[in-house]
Amino acid sequence: MKITVCAYLKNAHKLKNPSYYARVKVDGRTHDIPLHTAEKSVAESWVRLRRSEIQRYNDYIACGEQPPEDLLSKLNIGSNKPSKGSVDLIKALDEWETELRRRGFRERSIDTYCKGVRATIPQGSTTEDFTRANIRLWLSKHDHLRPSTRKSYSVSLHEFCKHLIAEHGLDSRLLQEWPRVIVEPVSKNSWTMAQMYHIIEAVKCKDKVMEEQFKVYAWVLATCGSRQQETYELTWNDFHDNCLTFRAETTKGRKERTVPLDMRVVEMLLRMPRTGSRIFGAIPKSQAGRYSIIERAVKSVNAPHGGLHTFRTSVSRILYRKCKDITAVAALLGHSPEVSMLHYSEARQAEELKTTIESAYSGETMIPNAMDELIKAGLV
2 MKITVCAYLK NAHKLKNPSY YARVKVDGRT HDIPLHTAEK SVAESWVRLR
52 RSEIQRYNDY IACGEQPPED LLSKLNIGSN KPSKGSVDLI KALDEWETEL
102 RRRGFRERSI DTYCKGVRAT IPQGSTTEDF TRANIRLWLS KHDHLRPSTR
152 KSYSVSLHEF CKHLIAEHGL DSRLLQEWPR VIVEPVSKNS WTMAQMYHII
202 EAVKCKDKVM EEQFKVYAWV LATCGSRQQE TYELTWNDFH DNCLTFRAET
252 TKGRKERTVP LDMRVVEMLL RMPRTGSRIF GAIPKSQAGR YSIIERAVKS
302 VNAPHGGLHT FRTSVSRILY RKCKDITAVA ALLGHSPEVS MLHYSEARQA
352 EELKTTIESA YSGETMIPNA MDELIKAGLV
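Each position in the sequence shown, counted from 1, maps to that position plus 1 in my numbering.
Right under this line is the structure:
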């Protein structure tokens with residue numbers, strides 16, 4: 002298990018007590034070790050002092066010898082941390098939840114992690130029960146669930162195990178040979194631009210204001226390829242210079258991006274009355290409510306089954322087929338090129354991925370607008 006210090010970094014989240022972390026790479030995996038200091042000079046000193054100790058540790062490993070306990074204690078890795086004795090796992094889970102919130106994780110991510118752990122570990126379990134045999138036993142009780150759900154629970158327990166290793170002195174070898182769940186990629190339906198046009202026109206709501214807002218909301222999804230929730234969170238301050246800015250706090254990847262709009266969508270937005278700070282404040286707040294509206298419209302025009310996220314997958318495929326520039330499509334979606342190619346394009350072969358990325362041009366690119374397809378089809 003080779004260790005290298007990658008960097009030290011300051012907790013960038015707005016907390017009452019910001020502190021520095023040392024980013025350490027262990028067997029190719031990165032870990033953030035809290036240094037419990039807000040002073041940059043102290044963090045730099047920690048890195049300088051620990052580099053020599055890490056070199057000693059790596060020398061022991063290279064020779065096939067077990068590093069001494071005092072060295073492991075200084076490095077704060079593996080099972081080096083003194084055990085706090087038997088600790089109830091539910092209590093440790095509450096501590097972990099607080100730590101995740103302190104580190105700035107999204108509430109949705111925290112809920113997913115904690116739900117997966119609570120659904121896996123039995124009531125009354127302690128850190129002494131956290132063994133490799135029990136891990137396999139706990140995860141095996143989810144064998145009847147879907148692979149994607151089983152993988153989510155396995156990942157949650159894996160992350161919780163890291164916390165137990167760092168805070169309660171569990172053996173780091175528990176992370177080795179972790180039970181893996183293979184999830185086959187799901188082939189997703191997609192719509193043509195003509196189908197998207199007919200679906201949006203078929204949207205019906207009891208409230209006319211809601212109906213008009215929902216149609217503009219759907220047009221933004223059908224031209225920007227944005228996610229349904231980050232689009233719902235848009236405010237009028239995010240609409241400027243014929244562009245929409247998706248703020249970092251509302252996006253899945255925590256990265257801000259600005260997407261140019263088609264002039265027809267701009268005109269739709271300019272005609273909308275500004276009754277509040279939110280652009281789409283009149284449409285249903287819940288995703289289920291928004292999905293039911295689009296589901297009725299999809300059924301009424303006999304389009305392939307899909308929901309609001311199908312706009313995103315459809316736009317990405319249309320644009321990729323048009324421009325063959327995965328970098329531009331990734332910029333539009335807020336993804337890395339590899340992720341966009343893997344999940345949204347129809348070209349999945351490694352060689353095709355490599356060729357596409359190598360041929361992508363550098364610099365700013367005007368992303369082709371999907372509404373041009375409507376003009377060609379004579380629908381607009």
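Even for Gly, the Cβ is constructed at its ideal location relative to N, Cα and C.
Tell me which residues share the same chain as residue i and place their Cβ nearer than 6 Å to its Cβ, disregarding the 5 neighbours each side in the sequence.
i, result
"Gln229", "Leu309"
"Ser315", "Ser191, Trp192"
"Glu296", "none"
"Phe247", "Glu231, Arg258"
"Thr251", "Glu231, Glu234"
"Thr121", "Trp139, Tyr154, Leu158"
"Ala283", "Val210, Met211, Gln214"
"Ser301", "Ala203"
Indicate, with yes or no, if the ligand SAH has a heavy atom lying under 7 Å from the CB of residue i.
i, result
"Thr232", "This structure simply doesn't include the ligand SAH, nor any ligand for that matter."
Out of curiosity, what's the CA-to-CA distance linking residue i and residue j?
i, j, result
"Thr113", "Ser155", "12 Å"
"Arg275", "His169", "53 Å"
"Gln124", "Lys286", "35 Å"
"Leu245", "Cys225", "9 Å"
"Gly254", "Gly335", "7 Å"
"Thr150", "Glu160", "16 Å"
"Arg174", "Ile183", "22 Å"
"Asp60", "Gln177", "21 Å"
"Leu146", "Arg137", "15 Å"
"Glu108", "Met264", "36 Å"
"Thr311", "Ser53", "53 Å"
"His199", "Lys142", "45 Å"
"Lys207", "Met197", "21 Å"
"Thr132", "Pro305", "47 Å"
"Trp179", "Arg102", "26 Å"
"Val210", "Thr328", "37 Å"
"Met273", "Asp326", "34 Å"
"Ser227", "Gln288", "15 Å"
"Asp172", "Cys162", "10 Å"
"Gly117", "Leu140", "10 Å"
"Pro148", "Asn135", "20 Å"
"Asn303", "Ser337", "34 Å"
"Gly290", "Leu271", "25 Å"
"Val88", "Ser126", "9 Å"
"Arg119", "Arg313", "33 Å"
"Val204", "Ala249", "30 Å"
"Asp130", "Lys256", "40 Å"
Can you tell me whether DSSP reads residue i as helix, strand or coil?
i, result
"Arg382", "In this structure the chain extends from 2 to 381, so residue 382 is not present and cannot be described."
"Asn59", "helix"
"Phe106", "coil"
"Cys115", "helix"
"Pro148", "helix"
"Val217", "helix"
"Leu354", "Bear in mind that the predicted position of Leu354 carries a pLDDT of just 44, short of 50, making it too unreliable to give a figure here."
"Phe247", "strand"
"Val204", "coil"
"Asp326", "coil"
"Asp89", "strand"
"Glu1", "Nothing about residue 1 can be read from this structure; the chain reaches only from 2 to 381."
"His336", "coil"
"Val316", "helix"
Since residue i and residue j should fall inside the 8 Å C-beta cutoff, what is the C-beta to C-beta distance between them, to a whole number of angstroms?
i, j, result
"Leu333", "Val217", "No, Leu333 and Val217 are not in contact; Cβ-Cβ is about 19 Å, not under 8 Å."
"Cys115", "Leu90", "In fact, because the Cβ distance is near 12 Å, the residues do not count as touching under 8 Å."
"Ile294", "Phe215", "6 Å"
"Val330", "Ser317", "6 Å"
"Thr128", "Leu158", "Rounded, the Cβ-Cβ distance is 14 Å, inconsistent with contact."
"Ile396", "Glu96", "No information on residue 396 is available, as it lies outside the stretch 2 to 381 that the chain covers here."
"Asn243", "Leu262", "6 Å"
So, at 7 Å on beta carbons, what are the nonlocal neighbours of residue i in its own chain, with the 5 sequence-adjacent residues on each side left out?
i, result
"Gly65", "none"
"Pro369", "The predicted model places Pro369 with a pLDDT of 45, which falls under 50 and marks its position as unreliable; any figure quoted below should be read in that light. Cβ within range, chain order: Leu320, Lys323, Cys324."
"Trp237", "Arg275, Ser278, Ile280"
"Trp220", "Ile201, Val266, Met269"
"Gly307", "Asn190, Trp192, Val299"
"Lys152", "Val182, Val184"
At 3 residues or longer, and completely inside the segment 233-313: list those beta strand (DSSP E) runs for me, N to C.
Runs found: 244-247, 258-261.
Scan the segment 121-195 and note each continuous alpha helix (DSSP H) run of 4 residues or more that stays entirely inside, going in chain order.
The DSSP assignment places complete alpha helix (DSSP H) segments of no fewer than 4 residues inside the segment 121-195 at 133-141, 148-169, in order along the chain.
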